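Right, one structure below, let's go through it.
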Amino acid sequence: MNFALTEDQVLIRDAAESFLADVSTSEAVRAAAGHPYGYDVEVWQRLSAELGWCSIAVPEALGGMGLGAPELVLIQEQAGRHLLCAPFFSTVCLAANLIDACATAAARERLLPAIAGGELRVTVGLGSSAEDWTDVAAAVRAHRTADGWVLDGCIERVPDGVSADRLLVWAQVDGESEPALFVVNLDAPGIEVAALQTWDATRHLSRIALRGVSAVVGADASMRIDDPQRVATGRVRSAALARLYLAAELLGHAQQCLDLTVAYTAERKQFGRPVGGFQAVKHRCAEMMVRIESLRSGVYGASARAASGADGAQGSAELARECAMIKALAAQTAFYCAQEAIQLHGGVGFTWEYDPQLYFKRAQAAHHWLGTPEMLRARVADALLN
Amino acid sequence: MRLDETPEDQAFRAEVAQWMQEHLNGRFAALKHRGGPGDEEADPALRKDWERELAAGGWTCVGWPQSCGGRGLSIERQVIFHEEYARAGGPGRMGHIGEGLIGPALIEFGSPAQKQRFLPRIVDGTEFWAQGYSEPGAGSDLANVQTRCWQEPDGSWRVQGQKIWTSLAHESDWIFVIARSEPGSKGSKGLSFLLLKLDQPGIEIRPIRQLGGGSEFNEVFFDGAVAEADHIVGAPGEGWKVAMGLLQIERGVSTLGQQMHFAYELDLVIQAARRSGRGDDPAIRARIAEAWGGLQVMRYNALRMLSPSEGGGLQLGREALIYKYYWSNWHRDLGKLAMDVLGPDADVISDDPAIRPLQQLFFFSRADTIYAGTNEIQLNIIAERGLGMPREPRPAA
Ligand SMILES: Cc1cc2nc3c(=O)[nH]c(=O)nc-3n(C[C@H](O)[C@H](O)[C@H](O)COP(=O)(O)OP(=O)(O)OC[C@H]3O[C@@H](n4cnc5c(N)ncnc54)[C@H](O)[C@@H]3O)c2cc1C
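If you read the sequences in order, they're chains A and B.
Position 189 of the first sequence, counting from 1, maps to 189 under this note's numbering, and the rest follow consecutively.
Position 46 of the second sequence, counting from 1, maps to 432 under this note's numbering, and the rest follow consecutively.
Right, here's the structure in full:
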């Protein structure tokens with residue numbers, strides 16, 4: 001047991017911190033949010049090519065660095081702090097994670113090196129229940145044809161759906177109990193991407209309709225990729241990790257809300273002194289710090305558990321329970337801190353110009369992603385009480 | 387960041403577990419899970435015997451250096467020890483003020499003679515200690531101590547005044563106090579740190595009844611009570627430094643074992659929820675899940691706090707500041723949850739082993755957010771030291 005960061009982890013975190021402080025300023029975020037893709041392509045290229053972030057959790061044999069959850073959460077935390085606009089969460093935290101855990105060796109060999117190299121952007125629908133992807137699978141049906149499959153359905157809330165190259169699709173198949181996993185080319189016939197106009201503009205979401213999209217065996221782009229040996233536990237594990245990475249991002253949001261508030265209340269004077277000197281204000285900042293540091297312990301702890309092997313059914317179930325709890329905690333902490341940041345900024349906290357609103361909207365949106373705290377707790381309770 | 391244990395650590399875990407299994411039975415079996423917070427009055431005589439049983443096995447003061455009679459365990463091993471101790475149901479430690487507070491303070495600030503006199507008897511479980519800090523006028527504002535002390539021509543010290551809320555004074559042999567040695571001094575200046583035998587004519591101990599019905603703490607009156615000439619720790623007038631050094635130690639490793647005890651309590655709550663049927667209520671289920679999550683976080687808080695920091699050395703920095711606030715509030719919430727899970731049965735005074743510990747938990751956990759720095763003082767400290775916010779106005783010393 002040792003919670004200290006290794007030298008490499010410190011380097012990764014510090015590099016992320018300084019890179020993002022530089023490229024993901026408040027103005028840059030606002031500019032990216034207005035871009036049709038929702039991000040600045042140059043920033044994406046730099047973080048994938050120069051910094052190698054897309055390769056961090058990809059196995060070495062597939063062209064990655066072979067690191068894992070502890071490193072990714074450090075990056076995600078910084079991404080959250082600076083509201084990084086980039087298809088990093090969709091491609092790396094969701095898609096690569098899912099492919100690595102659930103896909104056949106052939107699919108992994110084809111897709112992961114391209115993701116690691118920053119050449120391929122892949123996305124997947126963000127469910128909003130405590131299920132491990134089965135909720136998104138419920139919305140799409142796969143019908144068998146002579147040479148493969150045809151997909152029909154509609155996927156709500158796909159991050160970076162407008163800009164991604166490929167879409168991972170969970171679908172229900174007649175006569176099969178586990179959902180099946182497909183990869184489809186986003187410019188394939190029958191796919192219709194509609195951008196959603198969301199209040200949180202820092203992560204662009206789309207609704208994607210699939211009408212008779214064919215996934216042909218042996219085809220280059222669109223095909224079924226789940227590995228029957230791995231998909232059952234892989235589904236649980238990849239959903240757990242996705243929640244963890246989202247939680248790390250939410251941790252970063254919460255931290256930034258606190259930092260902004262401490263800085264503002266040190267400057268702003270009323271009654272002849274900085275408002276941060278009033279105990280009512282201090283205590284609320286301290287309460288934020290307690291929640292943030294506890295969340296950080298939880299995120300780091302769960303990432304260490306994810307890295308500590310135990311990826312069988314039992315280990316995955318335990319990891320899933322822990323990550324469900326961490327996501328629930330993260331969503332509440334981020335919202336709490338965003339709300340406190342607005343309040344403790346006074347009138348300027350209510351403006352478009354100041355940043356707390358950006359975090360407030362993001363925190364509210366993320367509340368639902370991959371399961372609400374209420375649903376996730378109900379799921380944990382089932383495990384504890386039944 | 388890693389969670390896995392080396393084979394040597396695992397072997398050590400097994401060794402502790404086995405020792406506990408072999409020794410926490412026979413006449414000691416009655417002590418399983420007893421004597422924890424809220425239950426300090428459970429058979430103190432037998433629990434003192436248990437301390438000597440532990441000592442005979444070499445399991446007291448496991449984190450002290452070997453030169454001081456300890457086992458010299460690394461932090462990781464100490465964590466393992468405390469976890470296995472609590473997992474086995476090891477009783478609340480009668481010796482914890484000696485082992486966890488005054489012992490380490492003497493190791494750091496004591497004279498060679500003091501170490502030689504006091505440490506061995508803490509290690510072997512023959513002398514027990516009480517902490518005499520708080521006074522009627524000095525609670526959160528501890529530096530406002532009014533108890534006086536002065537030196538007699540023969541070099542011995544006399545103490546005049548009153549301490550209050552002194553836990554287990556009635557079961558202890560010695561007490562450490564801070565008292566004002568420089569007449570007219572104010573605040574943290576002019577205080578001295580003294581060690582006194584409790585069984586002497588100048589000391590009177592009166593129990594105070596707590597809201598849970600028991601009398602774990604006391605008032606202690608000093609009327610010309612005597613401390614030997616060399617039983618002053620640190621220089622006269624510089625007792626504050628020792629007193630504060632000791633409070634740092636208070637947030638140490640031993641609280642880690644506490645999580646295993648908390649896990650046991652949560653388990654009692656879950657069992658009660660199943661029995662009472664309240665476990666079917668979605669709102670109760672959500673609170674149970676939240677309590678479980680809080681416990682995982684607490685363990686990670688502790689591991690993080692005790693891991694070497696980036697620059698080497700312990701991270702008893704920012705992370706450590708939140709630790710007490712977090713666990714004490716978690717524990718208090720668990721106490722309320724326990725009552726809500728029991729339903730109306732909770733209101734009937736009970737000896738049922740499935741109910742009584744939960745009632746004790748409910749009552750005693752109210753104190754968790756008061757002693758060792760109240761919630762409000764913790765938040766002040768977190769804001770000031772953790773976030774660099776302006777300090778509370780303080781009267782000039
Ligand atoms: C079960 C138990 C066991 C104890 N055991 C011991 C022991 O063995 N030895 C010992 O020396 N002491 C012991 N104590 C005493 C304990 O340390 C004090 O109770 C504690 O420090 C609070 O002091 P007080 O009771 O005087 O409360 P006060 O300081 O009077 O506080 C009253 C309220 O005012 C708030 N407050 C005070 N100052 C501030 C401030 N600056 N800003 C905001 N709010 C403030 C407090 O948070 C609290 O809510 C024990 C207490 C309990 C409950």
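We treat Cβ as the ideally placed atom computed from N, Cα and C, and that holds for glycine.
Remember, it's a predicted structure, so these values are computed and weren't measured experimentally.
Item	Value
Cβ separation of A:Ala164 and A:Thr123, assumed to be a contact under 8 angstroms, to the nearest whole Å	4 angstroms
DSSP state of B:Met775 mapped onto helix, strand, coil	coil
8 angstroms Cβ cutoff, B:Trp713 in contact with chain A	no
Three-state secondary structure assigned by DSSP to B:Asn411	coil
Reference B:Leu728, options B:Met480, B:Arg742, B:Tyr471 and B:Thr446, closest by Cα	B:Arg742
Beta-bridge partners of B:Val606, as assigned by DSSP	B:Lys549 and B:Ile591
A:Ser55 CB to nearest heavy atom of ligand 1 below 7 angstroms	no
N-terminal and C-terminal residue of the beta strand (DSSP E) that A:Leu51 is part of	From DSSP, A:Leu51 is part of no beta strand (DSSP E); its letter is neither H nor E.
Distance CB(A:Ala101)-CB(A:Ser238) smaller than 8 angstroms	yes
Residue-chain proximity (B:Ala672, chain A), Cβ-Cβ < 8 angstroms	yes
Continuous beta strand (DSSP E) stretch holding A:Ala159: start and end	The sequence given here places Pro at residue 159 of chain A; Ala does not occur at that position. From DSSP, the beta strand (DSSP E) with A:Pro159 extends over Gly148 to Pro159.
CB contact below 8 angstroms: A:Cys323 versus chain B	no
Run of the alpha helix (DSSP H) containing A:Leu72, from where it starts to where it stops	Ala69 to Arg81
Minimum C-alpha distance to A:Arg121 - residue among A:Arg235, A:Val213 and A:Tyr39	A:Tyr39
B:Tyr709 CB to nearest heavy atom of ligand 1 below 7 angstroms	no
Presumed contact (8 angstroms Cβ cut-off) between A:Pro70 and A:Ala304, rounded CB distance	6 angstroms
Contact set for A:Lys269: own chain, Cβ-Cβ below 8 angstroms, skip 5 residues either direction	Val275
Burial state of A:Leu196, where buried means 16 or more other Cβ atoms lie within 10 Å	exposed
Own chain, CB closer than 8 angstroms to B:Ser662, minus 5 neighbours either side, in chain order	Val727, Leu728, Gly729 and Asp731
Any chain A beta carbon closer than 8 angstroms to B:Val683	yes
Of the residues B:Gly547, B:Ala516 and B:Glu605, the one placed nearest B:Leu581, counting alpha carbons only	B:Ala516
Cβ-based burial, A:Asn386 [other Cβ within 10 Å; buried from 16]	exposed
Contacts that A:Ser297 makes with chain B (C-beta to C-beta distance below 7 angstroms)	Val683, Tyr686, Asn687 and Arg690
Rounded straight-line distance, which links the Cα of A:Ala341 to that of A:Ser18	23 angstroms
Where the region 62-88 of chain A meets chain B: residues whose CB sits under 7 angstroms from a CB there	Pro70
Distance CB(B:Ile708)-CB(A:Met289) smaller than 8 angstroms	yes
Below-8 angstroms beta-carbon distance, B:Ile708 vs any chain A residue	yes
Endpoints, the beta strand (DSSP E) within which B:Ile488 is located	Here B:Ile488 belongs to no beta strand (DSSP E), and DSSP marks it neither H nor E.
Cβ neighbour criterion (16 or more within 10 Å) applied to A:Trp352	exposed
Cutoff 8 angstroms: A:Leu329 Cβ touching any chain B Cβ	yes
Cβ-heavy atom distance, B:Ser553 to ligand 1, below 7 angstroms	yes
Sub-8 angstroms separation of A:Gly63 and B:Tyr686 beta-carbons	no
Residue nearest to A:His82 in terms of C-alpha spacing, selected from A:Leu344, A:Arg203, A:Gly212 and A:Cys285	A:Arg203
For A:Thr233 and A:Val169, the rounded distance between their alpha carbons	18 angstroms
Alpha carbon of B:Gly623 to alpha carbon of A:Ala247, nearest angstrom	51 angstroms
Beta-ladder partner(s) of A:His143, from DSSP	A:Val150
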